[in-house]
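In what follows, a structure is listed as structure tokens, so that the remarks can point back to it.
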Ligand SMILES: Nc1ncnc2c1ncn2[C@@H]1O[C@H](COP(=O)(O)OP(=O)(O)O)[C@@H](O)[C@H]1O
Ligand SMILES: [Mg+2]
């Protein structure tokens, strides 16, 4: 589904990703762990197409298509979803308005008619229930006045609504208390499907106890320095990153 | 290759004014220039009662003694008042005012159809009665009979002067005196038409009343005069909209609006102002120099809502004199400036009665090389015990060549008053746009969404029928203008 080869990317002329290679197949869950500043969020931003992140070398194929040719919204239409580490507030725009615009943009890209209000509300309510969000949350402005935990839950809610193929969770687990973590994990597990893949960026082993990854990667200094099975996460928890920072 | 964000934005910013067409109508014009003969000409042309000649001449004489003001935060070149026409009317109306909607000149009907203002009593604006004003005269008013059955008078100012001269005489100039300021004095001298509303005691007007102003003729100023009277316990919601053809020269629009809210009444006044803003280089466009004011008696409420997207210069302060105890004044404003537009707008809340309350919510949006100023005055007189004011003034900047300014003046002469002011300035951040893009929303649409969200609190006060229109206008004036 996603194939990243020898990816080099710079921000403001400063190289951050330095030859990253990663292969994710449909149905898989990959965890990416690594010290602060390793380039995890940079990878997410490059995948989503954020302006200012310059790819200097390498390629990214998403379902056989050159991802780098696509605008950010086209990547979204193609099925890429990023749950942000720091979701922004959009004052005065309700979650309903926001997701109506998003869903209809997706539908327009597929040549489908806009959703009518009844269909939209039914879908939003169903997914809100999945995240155990009170329906009143739909009328609130996007992320405005939300606690850190609420924002993260709202991200997963949006993911559930947009039904993407490839999901990147950027530290969705940080700032969540144990109950919220459980809700988020349950929702992600409920959405695991043979046609969908997840990349879970995290610092902590904790979330991986709920969402069991197929592969765990260690990202350091802009490269994947080590990959292994779920047990790798546990080793990291015990030994820290240090033993893995020199490639085996 | 897809256009970059900047390109999309630029495209948007350079979008043409859609309402700029010009219609060929046979005109009746007064001779060019301004003097006492011209004023008499207007007065006699309009068949007005004698007191009006006196009112006009007094205003004219006061005006001659005044100096054109230039204190706005912006600039315009002195206006040559002798090089303009002060009366322009389509011949078909001037010679013989249509008695019913069926008699309206089809050419005029076409102008309003093109503007999306059908002069029929029909489904599209079913809940709305419309008075259509073209250049100096009212050309049609819908639903007049239905309103008359409830005692509600809704007609052009000319008809009001003909049919209800005593009512007009009693209230005209009581809120905005003939010598109030330079442009109000000019208006009082030469105003040609406008709308008149009277809602009798205890009556709740069931329709939105609306006036649509259109400048068509060349070299004419538009000086309309609106007078709205809500008798005790009455309620009325009124809305004005306006557009003008594209012209390379500036056109002066100096209107006066007077609101009389008698005890326990409520007047809600909404404006969607879309006069021609001028071109990208700042050539042409309407000078929108308007005096709007209301007096609220005991327990009365006056609420102004304005969405200002047009005009080369907007210079106005819809105000409320909170004269009666427990009266309430509100001002909700969105002012958008783009290219070389200038807006210097805000409100005055004059607290005179006890327990008076006012609320000000102003949202300025500036793009291009424009300048957007909020200027407001909250005044609490010594006897206004327990007066309350809350002001929220937000500015949104799009790009880095525009300016936003806030001048909130406060004069409190009563120690029990509570006056609160909040202000913010922000930019449409790339982070928000990227967030929207990531969810599949293209930049253009994202900007509309963000702007609408930003203005939500103000737009929520517009009558439903017009909120949609206002949203579209905002989108058109600004779509994608983020740098
Ligand atoms: N927008 C940016 N501008 C400048 N430097 C950045 C930007 N984004 C990330 N960086 C830098 O890139 C490096 C990697 O950051 P990031 O990808 O956020 O790491 P991680 O998510 O793994 O903690 C850091 O040194 C950070 O300071
Ligand atoms: Mg990060």
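Chains as they are written, first to last, in my numbering: chain A, 15 to 262; chain B, 73 to 555.
Backbone N, C-alpha and C fix where the C-beta goes; we use that ideal spot for every residue, glycine too.
Spatial distance of residue 294 of chain B from residue 267 of chain B (CA atoms): Residue 294 of chain B sits at position 222 when you count from the first residue of the second chain. Residue 267 of chain B sits at position 195 when you count from the first residue of the second chain. C-alpha separation (whole angstroms): 13 Å.
For residue 210 of chain A, collect the residues of the same chain with a Cβ closer than 8 Å to its Cβ; drop the 5 residues on either side in sequence, then sort them by chain order. The residue given as residue 210 of chain A occupies position 196 in the first chain. Cβ-Cβ distances below 8 Å link residue 210 of chain A to 40, 41, 178, 179, 180, 181 in the same chain, with the five nearest sequence neighbours on each side left out; the list follows chain order.
Please find out if some non-hydrogen atom of ligand 2 comes closer than 7 Å to the beta-carbon of residue 185 of chain A. On the first chain, residue 185 of chain A is found 171 positions in, with the first residue counted as 1. Yes, the Cβ of residue 185 of chain A comes within 7 Å of a heavy atom of ligand 2.
Within its chain, find whatever has a CB closer than 6 Å to the CB of residue 197 of chain B; leave out the 5 residues flanking it on each side and keep chain order. For the purposes of this step, residue 197 of chain B is taken as the residue at position 125 of the second chain. Because residue 197 of chain B carries a pLDDT of 46, less than 50, the predicted location of this residue cannot be relied on, and the following value inherits that uncertainty. Excluding five sequence positions before and after residue 197 of chain B, none of the CB atoms of its chain fall closer than 6 Å to its own CB.
Mind checking which residues open and close the alpha helix (DSSP H) that includes residue 11 of chain A? For chain A, the structure presents residues 15 to 262; residue 11 of chain A sits outside this window and is missing.
Residue list, Cβ distance to ligand 1 heavy atoms smaller than 5 Å: Every residue whose beta carbon comes nearer than 5 Å to a heavy atom of ligand 1 appears here in chain order: A/25, A/30, A/50, A/51, A/52, A/53, A/54, A/55, A/56.
For a cutoff of 8 Å on Cβ pairs, would you count residue 517 of chain B as touching chain A? Taking the second chain and counting its residues from 1, the one referred to as residue 517 of chain B is at position 445. Yes, its Cβ sits closer than 8 Å to a Cβ of chain A.
Can you tell me which of the three DSSP states residue 161 of chain B falls into? In the second chain, the residue the question calls residue 161 of chain B occupies position 89. Residue 161 of chain B: strand per DSSP, three-state reduction.
Considering only residues of the region 95-122 of chain B, which uninterrupted beta strand (DSSP E) runs meet the minimum length of 3 residues and lie entirely inside it, listed in chain order? DSSP runs (the beta strand (DSSP E)) wholly in the region 95-122 of chain B: 99-101.
Selected residue, minimal CA-CA separation from residue 355 of chain B, among B/386, B/343, B/323, B/362: In the second chain, counting from the first residue as 1, residue 355 of chain B sits at position 283. Ranking the options by Cα distance to residue 355 of chain B, first place goes to B/323.
Sorted by chain position, which residues of the same chain lie with C-beta nearer than 6 Å to residue 534 of chain B's C-beta, five sequence neighbours on each side aside? Numbered from its first residue, the second chain carries residue 534 of chain B at position 462. Closer than 6 Å at the Cβ level, and outside the excluded window around residue 534 of chain B, lie 342, 377, 542.
Leaving aside the five residues before and after residue 63 of chain A along the sequence, list all residues of the same chain whose C-beta is less than 6 Å from its C-beta, in chain order. On the first chain, residue 63 of chain A is found 49 positions in, with the first residue counted as 1. Its chain contains 86, 89 as the residues whose beta carbon lies nearer than 6 Å to that of residue 63 of chain A, once the 5 sequence neighbours on both sides are disregarded; these appear in chain order.
Other residues of its chain near residue 37 of chain A: CB distance less than 8 Å, five sequence neighbours each side excluded: Within the first chain, numbered from 1, the residue matching residue 37 of chain A stands at position 23. Cβ neighbours of residue 37 of chain A beyond the five flanking positions: 16, 17, 18.
Nearest chain C C-beta to residue 116 of chain A closer than 8 Å, yes or no? Among the chains of the structure shown, chain C does not appear; the protein chains present are A and B.
For residue 340 of chain B and residue 388 of chain B, I'd like the C-alpha separation in whole angstroms. Stepping through the second chain from its first residue, residue 340 of chain B is reached at position 268. Stepping through the second chain from its first residue, residue 388 of chain B is reached at position 316. CA-CA distance, residue 340 of chain B to residue 388 of chain B, rounds to 18 Å.
Is residue 107 of chain A close to chain B, meaning its C-beta is less than 8 Å from at least one C-beta of that chain? Residue numbering aside, residue 107 of chain A sits at position 93 when the first chain is read from its first letter. Under the 8 Å criterion on CB atoms, residue 107 of chain A is classed as interfacial with respect to chain B.
Whose C-alpha, out of B/365, B/337, B/380, is nearest the C-alpha of residue 344 of chain B? To locate residue 344 of chain B, count along the second chain from 1; it is residue 272. The shortest Cα separation from residue 344 of chain B among B/365, B/337, B/380 belongs to B/380.
Out of curiosity, what's the CA-to-CA distance linking residue 51 of chain A and residue 235 of chain A? As a working mapping, residue 51 of chain A is identified with position 37 in the first chain. As a working mapping, residue 235 of chain A is identified with position 221 in the first chain. Cα-Cα distance, rounded: 8 Å.
Taking the runs of the alpha helix (DSSP H) that are 4 residues or longer, which of them lie wholly in the region 231-282 of chain B? The region 231-282 of chain B contains these whole alpha helix (DSSP H) runs: 237-243, 254-262.
Within 8 Å of any Cβ in chain A, is that where the Cβ of residue 80 of chain B sits? Here residue 80 of chain B refers to the residue found at position 8 when the second chain is read from its first residue. Any reading at residue 80 of chain B needs caution, since the residue's pLDDT is 43, under 50, leaving its predicted position unreliable; the model's value is listed next. Closer than 8 Å: no.
Residues bridged to residue 151 of chain A by DSSP? To locate residue 151 of chain A, count along the first chain from 1; it is residue 137. Answer by DSSP bridge pairing: none, since residue 151 of chain A is not bridged.
Quick one: Cα of residue 159 of chain B to Cα of residue 363 of chain B, how far? In the second chain, residue 159 of chain B corresponds to position 87, counting from 1. In the second chain, residue 363 of chain B corresponds to position 291, counting from 1. Residue 159 of chain B and residue 363 of chain B: Cα-Cα distance of roughly 20 Å.
Within 7 Å: the Cβ of residue 323 of chain B and any heavy atom of ligand 2? Residue 323 of chain B sits at position 251 when you count from the first residue of the second chain. Flag unset: Cβ of residue 323 of chain B not near ligand 2.
beta-carbon residue 510 of chain B near ligand 2 non-hydrogen atom, thresh 7 Å: Taking the first residue of the second chain as position 1, residue 510 of chain B is located at position 438. In this structure, the C-beta of residue 510 of chain B stays at least 7 Å away from each heavy atom of ligand 2.
Given a cut-off of 8 Å, decide if residue 425 of chain B and residue 384 of chain B are closer than it, judged by their beta-carbon atoms. As a working note, residue 384 of chain B is residue 312 in the second chain. As a working note, residue 425 of chain B is residue 353 in the second chain. With respect to residue 425 of chain B, residue 384 of chain B sits apart: the two C-beta atoms are not nearer than 8 Å.
Determine, using beta carbons only, whether residue 157 of chain A and residue 104 of chain A come nearer to each other than 8 Å. Residue 157 of chain A sits at position 143 when you count from the first residue of the first chain. Residue 104 of chain A sits at position 90 when you count from the first residue of the first chain. Against a cut-off of 8 Å, the Cβ pair of residue 104 of chain A and residue 157 of chain A comes out as a contact.
Residue 42 of chain A at chain B interface by Cβ criterion, 8 Å: In the first chain, counting from the first residue as 1, residue 42 of chain A sits at position 28. No - not a single Cβ of chain B is within 8 Å of the one on residue 42 of chain A.
Roughly how many whole angstroms lie between the Cα atoms of residue 195 of chain B and residue 185 of chain A? Residue numbering aside, residue 195 of chain B sits at position 123 when the second chain is read from its first letter. Residue numbering aside, residue 185 of chain A sits at position 171 when the first chain is read from its first letter. Legend: pLDDT at residue 195 of chain B = 42, less than 50; position of this residue unreliable, value from coordinates given subsequently. Near 53 Å, if we compare the C-alpha coordinates of residue 185 of chain A and residue 195 of chain B.
Where residue 391 of chain B and residue 91 of chain A are concerned, what is the direct C-alpha to C-alpha distance, given to the nearest angstrom? One-based indexing of the second chain puts residue 391 of chain B at position 319. One-based indexing of the first chain puts residue 91 of chain A at position 77. Their Cα atoms are separated by approximately 49 Å.
So which residues on chain B does residue 128 of chain A lean against when the C-beta distance must stay under 7 Å? Position 114 of the first chain, counted from the start, is the residue given in the question as residue 128 of chain A. Near residue 128 of chain A there are no residues of chain B at all, since even the closest Cβ is about 12 Å away, more than 7 Å.
Can you tell me whether residue 217 of chain A is helix, strand or coil according to DSSP? One-based indexing of the first chain puts residue 217 of chain A at position 203. Three-state DSSP puts residue 217 of chain A in coil, outside helix and strand.
Chain B within 8 Å of residue 155 of chain A, Cβ atoms only: Counted from its first residue, the first chain places residue 155 of chain A at position 141. Interface annotation, residue 155 of chain A: in contact with chain B, CB-CB separation under 8 Å.
Counting C-beta neighbours from all protein chains within 10 Å, is the total for residue 143 of chain B 16 or more, i.e. buried, or is it exposed? What you label residue 143 of chain B is simply residue 71 of the second chain in a count that begins at 1. So residue 143 of chain B ends up on the exposed side.
For the 8 Å Cβ check, are there 3 or more pairs between the region 98-110 of chain B and the region 210-230 of chain B? No: the two stretches stay apart, fewer than three of their Cβ pairs being nearer than 8 Å.
May I ask which residues mark the beginning and end of the alpha helix (DSSP H) holding residue 91 of chain A? Taking the first residue of the first chain as 1, we reach residue 91 of chain A at position 77. Run containing residue 91 of chain A: 86-92, per the alpha helix (DSSP H) assignment.
Local conformation of residue 224 of chain B per DSSP, three classes: Here residue 224 of chain B is taken as the residue at index 152 of the second chain, counted from 1. Correct three-state label for residue 224 of chain B: coil.
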